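All remarks here apply to the structure that follows.
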Amino acid sequence: MLHMFKWKTDEFSWVDFTIDVLRILIVLAIVVGSWNTLSEGRISFAQWVNLFIAGLSQGSIYALIALGYTLVYGILLMINFAHGEVFMAGAFSTVFLAEALNRTGFLNQSPVLAILLMILFAGLVSMTVAILLERIAYRPLRGSPRLVPLITAIGASFFLQYTFRGLYGSGFKAYPQVKILQGALQIGSINIPTVQIFVFVSALVLMFGLYWLVERSRIGKAMRAVSENKEVARLMGIDIDWVILFTFGVGGFLAGSAGVINGMFRPQGVNFFMGFIPGIKAFTAAVLGGIGNIPGAMLGGLFLGVIEAIGPNLVLAGLGIPGANQLKDVIAFTMLVLVLIFRPQGILGERLSEKKA
Amino acid sequence: MKKTIASFILLSLVSVLWSPVSAQDACTDNLGCVIVAEDEPIVIGAMLVQSGAVTYLGDDSLGGVELAIMDRNGELMGREIELVLEDSLCSAEGGQAAAQRLSADPTMIGAIGTNCSSAAQGAMPIISDAGMVMIAPSNTSPSLTNEDVASGGSHLPGYFRTSHNGLVEGMRNAEFAIHVLGTSKLATVHDGDPYTEGLARVVADTFAELGGEVVFEGAVNKGDTDMASILTEIAVYQPDIAYVPLFEPEVNFFAAQMQHIAGLEDTVIIGGGASFVAGFPENTGEAAIGIFVSGPLVTGEAYEQLLVRWEEEYGSSPPSGYHAHAYDATNLLLNAVETVAVAGDDGSLIIGRQAIRDAIAATENYPGLTGSLTCQEESPFAGDCAPGTALAMFEITEAEVYDDNWPPPVFWSFSENVSE
Amino acid sequence: MDLSQSRTRQAIITLGLLSGALILFTGAVGMIAAFHEREVVNDFITLGQLVLLITPFIFGYTAANRLGMTGESPTSVIGGGIIIGLLTTLPTTLLLLFNSDEFRFLLDWSLRLAPFVVATAIAWRLHRQNVETFTLIGSWLLAAVLIGIVTFSLALIFEVKGELRSVLVNINRDWVEVVTFDNRKDLMRGIFVFSLASAVAGFVGSLCYYVPRTPRRAMFYGLSVTLLVGAFGETVRLVLQENLERDTLNQLFRRDTLRQNAALGLLVVSTVIGYLWAAFGDRARQGFQNLGGQQRQTTQMIGTVLFVAVLLMLPWLIGRTLSDVAVTIGLFVLMGLGLNIAIGLAGLLDLGYVTNYAVGAYILAVMTSIGPLGLMKGTFSFWMVIPIALLAAMFAGFIFAVPVLRMRGDYLAIATLGFGEIIGKLAISDWLKPLIGGAQGVQAIPKPIFLGTELRNPEQLYYIVLVACLVTLFVSIRLNNSRTGRQWMAIREDEDVATAMGIDTARAKLLAFTLSAATGGVAGAIFAAKVGSVFPNSFTVFISINVLSLIIVGGIASNPGIVVGAVVLIGLPELLREFSDFRFLLYGALLIMMMINRPQGLIPTKIVTHEMRAGVKAKVAAGD
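Protein chains in written order, with numbering that gives the first Met the number 0: chain A, 0 to 356; chain H, 0 to 419; chain E, 0 to 623.
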């Protein structure tokens with residue numbers, strides 16, 4: 000029975016052939032679907048642009064969360080499955096602060112200060128959670144087989160979700176609306192909501208902050224050193240534990256601030272479960288861009304956001320599939336597999352390829 | 000290990016030798032009886048969702064059940080009422096496991112639950128086999144009260160519900176859109192939940208039957224936050240009505256993001272019972288103003304009192320819209336016990352299982368919080384206790400969004416305008 | 000030698016505060032109040048109270064052990080126990096005061112002072128490490144500002160929100176009621192009672208250190224058996240219900256709670272057994288070791304026969320409800336054995352195992368359903384469809400394996416995770432609704448019929464699962480020892496080397512995926528028949544996660560480990576249904592603790608233990 004899978008490997012690779020057929024089929028489906036949609040012209044150019052920009056905003060939130068995955072992966076080669084919950088911790092806790100700020104009227108009197116306070120608060124809360132997670136759950140597991148921390152992280156993910164459910168309850172909450180973010184910028188026939196500009200710009204600022212931190216600062220140098228080779232870094236007098244803790248802290252801070260930015264962009268749906276799906280998406284984005292690679296995570300996030308926003312209407316609707324928007328994850332993951340088939344190490348490639356066995 | 004094995008074998012031998020003597024001599028019920036001994040409590044169950052993304056639904060129903068029991072001071076016929084809570088999840092296997100648990104208890108009379116229709120599909124065969132009853136506070140799937148297997152029905156005796164059959168709610172909603180609002184183009188959106196999918200389908204079918212045009216039928220996923228993509232697609236068809244029976248938070252996202260989509264300025268949103276929730280207007284913000292929400296026509300004061308009690312007991316407003324149904328369901332069950340229970344010679348209570356079913360089925364014009372309840376027996380409405388007429392359309396105004404007012408004013412009520 | 004010694008003091012304070020944090024946490028997430036609803040012994044103690052008392056007891060005992068070892072005097076050991084008991088109440092007491100109207104100002108003041116105090120403490124610590132003054136001031140400022148932001152925000156939230164309860168929903172009346180031991184009206188008295196009870200528990204805990212070893216072990220054994228039986232009352236009652244008459248049962252249990260004399264009896268009996276075991280257990284074990292080869296084999300044989308007998312009789316012993324749990328466990332064992340071929344044997348990290356489960360379930364559903372979606376309208380029986388489901392799942396495994404054959408490690412993981420999601424979304428979609436029912440799923444799936452009997456009860460379905468598990472076990476053991484098994488092992492250890500050695504890695508991997516998928520299909524089919532309806536929301540990523548977790552927790556590539564893992568991770572949460580709100584909280588905590596304390600799994604294979612011990616960065620589990 001085991002012989003039924005035999006084929007000649009030297010002359011003709013059956014696997015490569017199948018993968019090629021698959022590639023062609025997927026690309027064909029995308030091209031045909033898009034062609035049909037575009038030739039029908041039901042959706043106007045302005046609408047496409049709007050979708051694209053909304054996708055960029057959503058993508059920049061994915062990117063901020065994805066950075067946490069990538070930073071930790073870069074240093075520990077570990078998938079911190081609970082990172083989505085770190086995002087939730089900041090977003091969920093800060094919704095109370097936002098309500099309080101709104102009730103006192105401060106939120107709309109000086110929105111810049113208020114949002115800054117919220118971002119700092121959320122960032123610090125998430126940072127605390129991430130640091131505790133590292134200290135309590137992950138540190139004892141250094142050097143154990145890679146699946147062990149993964150299972151721990153899955154456990155931590157459940158633990159955090161239901162802890163926050165216990166603390167704050169299971170109902171949905173929403174961020175209050177900030178008046179200055181309600182308008183829209185009109186460029187020709189294209190209408191860009193102010194809040195999307197805010198999301199994109201603040202995410203960019205945070206990402207450049209991180210980039211500067213990693214590439215230019217002293218601690219960043221230490222982080223890179225640890226991610227290259229822990230032993231050598233230790234010999235150079237770098238405190239590895241501190242660097243790892245710092246990395247988790249930075250990742251947590253970014254996730255927490257992403258929580259507030261997300262709260263401005265998509266104010267509703269704040270509850271204990273809100274981190275799970277963005278977590279998986281951000282993880283996907285990190286892999287898409289090349290895990291362990293900081294610009295890769297940003298690019299992967301933006302790419303995923305745009306694919307999700309445009310994909311269903313462009314490809315699936317064109318193929319005549321009913322309920323196209325229901326299948327947007329199918330598009331996202333098919334794109335992922337396609338990218339990984341073409342470029343097995345992600346769009347920008349992983350930085351630490353030599354580490355992989 | 001061996002010790003355990005030995006004791007197991009010993010125990011099983013004991014069980015073979017001591018085959019239980021029938022303690023149900025005084026019972027004439029053809030499904031058997033629950034015998035509640037003198038010092039024992041009256042036991043009812045609850046199969047509600049207690050984990051996962053829709054936990055709030057279970058918490059909401061649980062509050063209704065607990066308040067109904069508390070309103071009787073936790074007692075029935077001089078005995079303590081004991082509530083056994085099982086997590087039925089929101090899946091068929093979860094419902095099955097919960098029902099299996101409850102049915103293992105010989106003193107269990109019946110249960111309130113489940114929340115999700117899928118969980119009911121798993122629970123119903125077990126509950127029915129065990130001779131128990133279940134009264135669901137938030138199932139809407141038409142299949143559950145339909146006895147005809149070939150057309151997709153799955154009803155079994157012992158199943159009741161106080162929530163509205165999706166068929167009724169959907170038909171009423173479509174009639175409202177056509178006759179009252181006078182609209183002609185409809186778009187529907189569901190989220191892959193059996194509840195929302197069923198409702199969207201019934202509304203679309205009825206709308207078309209009544210002469211309207213269904214221009215778009217689409218779906219999103221639970222957990223989606225971005226609705227721009229589907230809204231853009233809907234905008235192509237310029238519908239008058241968007242029927243969106245989604246749950247929180249997807250319904251909030253839908254309503255809030257619709258503001259930014261060109262071409263949908265004149266489209267009116269109608270939400271199903273899932274968005275008849277105190278938190279919905281405030282969470283959605285300004286965009287909620289003008290949305291119609293279908294919900295039970297709750298009879299004023301008693302319900303307000305329930306909300307006050309809720310605030311006292313749990314310190315917040317109910318997380319969803321089915322607590323009143325759960326409250327009514329609990330009362331139906333407890334009332335049936337009260338009607339049926341007979342005192343035995345030794346001070347025990349004898350409660351016939353078939354008699355409980357009959358008593359609930361015989362409920363007529365019971366003045367519940369959700370209207371006047373009458374349980375029907377004819378498929379496709381077998382076990383439906385919710386009054387099809389006690390539905391109303393509520394319009395969300397500024398008061399709900401900014402001033403915590405709840406429930407919103409009734410825009411149109413079906414009881415005054417029965418079409419049948 | 001006394002409490003003033005800083006090392007001792009620090010150990011006591013750390014343990015005391017840890018214990019206090021635990022009580023605070025369980026209270027804040029609502030566990031204590033919810034557990035209070037559950038009586039362990041009827042009219043005597045509730046689970047909530049038990050948590051409040053057992054925590055200082057355990058920490059008191061741990062501290063006594065630690066201090067006693069280092070040769071502290073009995074006074075300081077026992078004093079330490081009492082202090083731990085008092086410290087345990089400290090955080091909760093503070094929260095009680097913050098929550099009360101009279102002492103609310105304490106909250107405001109602590110939030111105001113916290114930044115300065117904490118920043119100064121940090122600076123003090125740095126100062127002792129001889130940090131420059133400039134850095135010192137800098138860190139003081141930074142810490143003060145950061146903490147200040149948090150405390151200012153918290154103060155603002157509580158100011159606007161009023162009661163603590165409107166943020167922390169479980170800091171409510173019930174909680175106050177439990178932790179003050181029913182003295183909600185008189186807070187001071189409540190705090191006093193709480194502290195006293197906790198101090199006594201800590202005191203008793205530390206006292207236990209001085210009890211000689213054998214009686215102490217007997218006592219702990221007796222206590223834990225009694226308390227576990229009390230806490231898992233429902234499960235125990237379900238088992239007893241099968242084997243005892245109702246009246247007898249009623250004398251032992253009042254509904255799900257142990258009656259007082261039953262508890263006392265159980266305590267005495269289990270303590271005596273514990274004493275015997277503690278006194279003679281070692282000798283018995285030694286005796287077994289000393290037995291001759293022949294006798295030893297006979298004893299082991301008897302053990303095996305007994306084990307098989309129990310396995311066969313299980314449904315009668317544990318009753319319907321627990322048989323249902325056993326069937327669920329069995330399905331996961333089946334999937335675990337299957338996934339183990341990919342992960343354990345071939346080292347392929349597959350996070351999309353749910354795909355096969357879904358394929359099997361839907362195949363069975365549409366082939367056998369007598370509802371509107373049934374293709375065969377009841378002409379195909381369960382037994383005919385099982386092989387079809389198996390082949391279909393293998394085919395699906397094959398199809399999904401091809402594109403990912405070139406991927407490694409985490410890329411493989413995320414791609415397979417994606418496949419799982421794709422299948423879930425397709426199952427729910429409107430697109431495939433005419434075939435598989437979309438959101439409404441497939442209903443009216445008939446139960447299997449065996450020799451004219453309809454197998455509708457879990458007791459009967461148990462045997463189907465048992466047979467399936469045994470067959471899979473056999474195949475997987477044979478596979479492991481086969482040529483292919485060794486090829487997989489080579490790939491798992493190092494793929495590049497395996498290729499260099501002339502192994503056709505693509506073929507071997509494809510085979511691993513395909514074979515691993517087969518049992519998933521069977522498990523899905525049995526699942527569909529068991530539940531009687533199939534809904535798309537049953538096929539989520541959690542299934543894949545659960546199967547993966549049970550393999551790792553049990554011990555990777557270890558067949559007995561998979562069974563134990565399934566019992567722990569699938570069975571325990573089912574039994575914890577009583578604590579439904581906290582099921583997943585406890586599940587998560589369990590996973591974390593298990594991985595920290597036993598990363599090699601509960602029943603590891605020799606090779607994994609060896610690699611872990613040797614400090615080899617085991618690629619066994621690395622997935623690449």
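For glycine and all other residues, C-beta sits at the position ideal for the given N, C-alpha and C. Small disclaimer: the values here were computed from a predicted structure and weren't measured.
{"Query": "Pick out the complete beta strand (DSSP E) segments inside the segment 259 to 310 of chain H, 3 residues or longer, and give them in chain order.", "Result": "267 to 270 and 291 to 295"}
{"Query": "Under 8 Å, CB to CB, which of the residues in the segment 409 to 429 of chain E have a partner in chain A?", "Result": "409, 410, 412, 413, 414, 416, 417, 418, 420, 421, 424, 425, 427, 428 and 429"}
{"Query": "To the nearest angstrom, how far is the alpha carbon of residue 18 (chain H) from that of residue 159 (chain A)?", "Result": "The predicted position of residue 18 (chain H) is uncertain, since its pLDDT is 41 and thus under 50; a value taken from the coordinates is nonetheless stated next. Each residue's Cα considered, the two are about 49 Å apart."}
{"Query": "Assuming residue 191 (chain E) is part of the alpha helix (DSSP H), what are its boundary residues?", "Result": "186 to 207"}
{"Query": "Helix, strand or coil for residue 208 (chain H) per DSSP?", "Result": "helix"}
{"Query": "By the three-class DSSP mapping on this structure, what secondary structure does residue 154 (chain H) have?", "Result": "coil"}
{"Query": "For residue 406 (chain E), which residues in chain A fall below 7 Å Cβ to Cβ?", "Result": "339 and 343"}
{"Query": "Using a Cβ-Cβ cut-off of 7 Å (strictly less than) and excluding sequence neighbours within five positions of residue 596 (chain E), which residues of its own chain qualify?", "Result": "none"}
{"Query": "For the segment 519 to 538 of chain E, enumerate the residues whose C-beta is nearer than 8 Å to any C-beta of chain H, in chain order.", "Result": "526, 529, 530, 531, 532, 533, 534, 535, 536 and 537"}
{"Query": "In the DSSP assignment, the beta strand (DSSP E) including residue 107 (chain H) goes from what residue to what residue?", "Result": "107 to 112"}
{"Query": "Any contact of the segment 276 to 285 of chain H with the segment 242 to 255 of chain H, i.e. 3+ C-beta pairs under 8 Å?", "Result": "yes"}
{"Query": "Measure the C-alpha to C-alpha separation of residue 8 (chain E) and residue 331 (chain A) and round it to an integer number of angstroms.", "Result": "57 Å"}
{"Query": "Using a Cβ cut-off of 8 Å, pull out every chain H residue sitting near residue 176 (chain A), in sequence order please.", "Result": "284 and 285"}
{"Query": "Three-state secondary structure (DSSP) at residue 392 (chain H)?", "Result": "strand"}
{"Query": "Does the segment 34 to 44 of chain E come close enough to the segment 253 to 264 of chain E to have 3 or more Cβ pairs within less than 8 Å?", "Result": "yes"}
{"Query": "Please list, in chain order, all residues of the same chain as residue 48 (chain A) whose beta carbon is under 8 Å from its beta carbon, the five residues on each side excluded.", "Result": "189"}
{"Query": "Going by DSSP, name the residue or residues bridged to residue 46 (chain H).", "Result": "H:85 and H:112"}
{"Query": "May I ask you to report which of helix, strand or coil DSSP gives residue 133 (chain H)?", "Result": "strand"}
{"Query": "To the nearest angstrom, how far is the alpha carbon of residue 233 (chain A) from that of residue 296 (chain A)?", "Result": "27 Å"}
{"Query": "Anything in the segment 122 to 137 of chain H with a Cβ closer than 7 Å to a Cβ of chain E? List those residues in chain order, please.", "Result": "124"}
{"Query": "May I ask which residues mark the beginning and end of the beta strand (DSSP E) holding residue 410 (chain H)?", "Result": "409 to 412"}
{"Query": "Taking residue 447 (chain E) as the reference, give the member of E:384, E:124, E:29 and E:406 with the closest Cα.", "Result": "E:384"}
{"Query": "With distances taken between CB atoms, is the gap from residue 269 (chain A) to residue 173 (chain A) smaller than 8 Å?", "Result": "yes"}
{"Query": "Against chain E, which members of the segment 82 to 97 of chain H pass a CB distance test of less than 7 Å?", "Result": "84, 85, 86, 89, 90, 91, 92, 95 and 96"}
{"Query": "When we look at the beta-carbon of residue 15 (chain A) and count the other beta-carbons within 10 Å, is it buried (16 or more) or exposed?", "Result": "exposed"}
{"Query": "Whose C-alpha, out of H:201, H:174 and H:181, is nearest the C-alpha of residue 187 (chain H)?", "Result": "H:201"}
{"Query": "Which of the residues in the segment 338 to 355 of chain E, read from start to end, lie with their CB under 9 Å from any CB of chain A?", "Result": "342 and 348"}
{"Query": "Quick check: residue 318 (chain E) and residue 237 (chain E), are their CB atoms within less than 8 Å of each other?", "Result": "yes"}
{"Query": "Should the segment 499 to 508 of chain E be called in touch with the segment 48 to 68 of chain H, which here means at least 3 C-beta pairs below 8 Å?", "Result": "no"}
{"Query": "Hey, how far is the Cα of residue 150 (chain E) from the Cα of residue 19 (chain A)?", "Result": "58 Å"}
{"Query": "Taking 7 Å as the limit between beta carbons, can you name the residues of its chain near residue 327 (chain A), skipping five residues before and five after?", "Result": "307, 310 and 311"}
{"Query": "Locate the alpha helix (DSSP H) running through residue 468 (chain E), then write down its first and last residues.", "Result": "457 to 479"}
{"Query": "Select from E:526, E:482 and E:387 the residue whose C-alpha is nearest the C-alpha of residue 456 (chain E).", "Result": "E:526"}
{"Query": "What is the rounded straight-line gap between the Cα of residue 173 (chain H) and the Cα of residue 195 (chain H)?", "Result": "14 Å"}
{"Query": "For residue 163 (chain H), does the three-state DSSP call read helix, strand or coil?", "Result": "coil"}
{"Query": "Closer than 8 Å by beta-carbon distance: list the chain A residues that pair up with residue 194 (chain H), in chain order.", "Result": "Those within 8 Å of residue 194 (chain H) in chain A number zero; the least Cβ separation is about 15 Å."}
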